[in-house]
Each structure stands twice: as structure tokens, then as C-alpha cells.
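Position 19 (the sequence shown) corresponds to 19 in full-length UniProt numbering; numbering is contiguous.
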Amino acid sequence: MLPVFSRPDPDMNWKALDFEQITARELYLILRARSAVFVVEQSCVHLDPDGRDETSVHVFAAEDISRSMPVIAYARLHEGGTGAAEVVVDKILTSPQRRCDGTAHALIERVIAAAGERWPGRSIRLLAPVSLRGFYEAFGFRKNDGPFDERGIRTISLVRKSRLNLGLARTAGCIDTVETF
Numbered sequence: 001m002l003p004v005f006s007r008p009d010p011d012m013n014w015k016a017l018d019f020e021q022i023t024a025r026e027l028y029l030i031l032r033a034r035s036a037v038f039v040v041e042q043s044c045v046h047l048d049p050d051g052r053d054e055t056s057v058h059v060f061a062a063e064d065i066s067r068s069m070p071v072i073a074y075a076r077l078h079e080g081g082t083g084a085a086e087v088v089v090d091k092i093l094t095s096p097q098r099r100c101d102g103t104a105h106a107l108i109e110r111v112i113a114a115a116g117e118r119w120p121g122r123s124i125r126l127l128a129p130v131s132l133r134g135f136y137e138a139f140g141f142r143k144n145d146g147p148f149d150e151r152g153i154r155t156i157s158l159v160r161k162s163r164l165n166l167g168l169a170r171t172a173g174c175i176d177t178v179e180t181f
């Protein structure tokens, strides 16, 4: 029997926005959440605002935006390299308070939907820790490269080919960290 996880709070405010649509407060809170996970929690010193934010779609969920850390899930989508027929998803995170409650699952569902709406017919590519391979495979992603070392983490590249009418698989269990570089 597969373990069961609770569904995320239905009152979460999910958004998929272009850079120009994000308010200054939302941008600040997104960058704060990314720094909290990628720089502080994972002890990886790097420049997080890397020049791709302005041409990306930002998918995120926030609870009470007046709180200091309301962004509970986030992912960034952008076109692959020049002429690439794929969408790249990176900066994927869930806040420590929302891990193991289905929030990561809801985030990936929304990422796939946003990619399909913005870039129909394109494959989706991401990098993920080896330990999360099963999580992403439940959404139709398949390993296409790796493992290799990325900032001290054993990482693989995964691709989800474009498919019409794909029913999203449900995944079970606890995701401790959902992070892509």
C-alpha cells in the first residue's frame, strides 16, 4: 500500500506570471524564498538573480503575503537555448514548512500546465537531485543524462516529452527537498 499525503491548503494563492506582471513585493518575496532554500539551507553561495528572470514565467504559491516568508512553492520556466524546442524549469522549491503535504505535487502540476499553455508541443527539461527521480517520473519525466555533480549534489537531467491529453500520475510519499538548479 502506498503512503498517503495530505493535499495542500486550497486557500493557497497560485500564480503563473511573466516578470512584468509580478509586483515589487512578490518579486522580493520570491527572491527571499529562493535565497532561503538555495543559498542558506543548501549552503550554496551563488548569485541567484542570474539574468533569466526577466524572460521567464514564474509559477508560485503564497499564503498570507503580509508575512515575512509567504512564498511556499516556486518554479521558473523559460525557453531552452537558441532554437531549442524545449522549456527549461529551474529554481524549483517548496518551503520547509510545506514539504510532505502535497504542495510539491501541486507545484509540478501547475508547472506542466503553464508550460503547455505558453509553449504548447514543447518538451520540458529540468535538473533534479537523484533522490527525486521517482517523484518526477510520476509526472512523465524521464532521465536523459547523469548522474553528475552539480554544486555538490548528485544530479540528473530529466525530460518530459510533450503529449496530448496526458493524465498526470499521482505520487505518494514525502518529498524532503524539491530543488532544481
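Even for Gly, the Cβ is constructed at its ideal location relative to N, Cα and C.
Which whole runs of the beta strand (DSSP E) in the stretch 54-138 are 3 residues long or more, in chain order? Counting whole runs of 3 or more residues, the stretch 54-138 contains the beta strand (DSSP E) stretches 57-62, 71-79, 86-94 and 123-129.
When you compare only the Cα positions, how much space is there between D18 and V40? Rounded to whole angstroms, D18 to V40 spans 26 Å at the Cα level.
Element boundaries [beta strand (DSSP E), containing I30]: Where I30 is concerned, there is no enclosing beta strand (DSSP E), although the alpha helix (DSSP H) it sits in stretches over A24 to R34.
Taking the CB atoms as reference points, tell me whether S162 and G121 lie closer together than 7 Å. Between S162 and G121, the C-beta gap is smaller than 7 Å, which places the two residues in contact.
Stretch-stretch touch, CB-based, cutoff 8 Å, three pairs: the stretch 39-54 with the stretch 105-120: At 8 Å Cβ cutoff, the stretches do not touch.
Cβ of V159 versus every heavy atom of the ligand PLP: is any distance shorter than 6 Å? Judged by which ligands are present, the structure shown has none, so any question about the ligand PLP falls away.
For T23, count neighbouring C-beta atoms within 10 Å of its own C-beta (all shown protein chains included) and say buried if the count is 16 or more, exposed if not. Per the 10 Å Cβ criterion, exposed.
Helix, strand or coil for F148, going by three-state DSSP, please let me know. Three-state DSSP puts F148 in a strand.
Return the chain-ordered list of same chain residues with a C-beta closer than 6 Å to the C-beta of V59, the five sequence neighbours on each side being excluded. Counting only Cβ-Cβ distances below 6 Å, and skipping sequence neighbours, we find A16, A75, R110, V111 and A114.
Should R125 and V159 be called a contact, given that it needs their Cβ atoms to be closer than 7 Å? With respect to the 7 Å criterion, R125 and V159 are classified as neighbours on the basis of their beta carbons.
Would DSSP call V45 helix, strand or coil? It is coil, neither helix nor strand.
First through last residue of the beta strand (DSSP E) which encompasses R160: If you look at R160, you'll find it in the beta strand (DSSP E) that goes I153 to R160.
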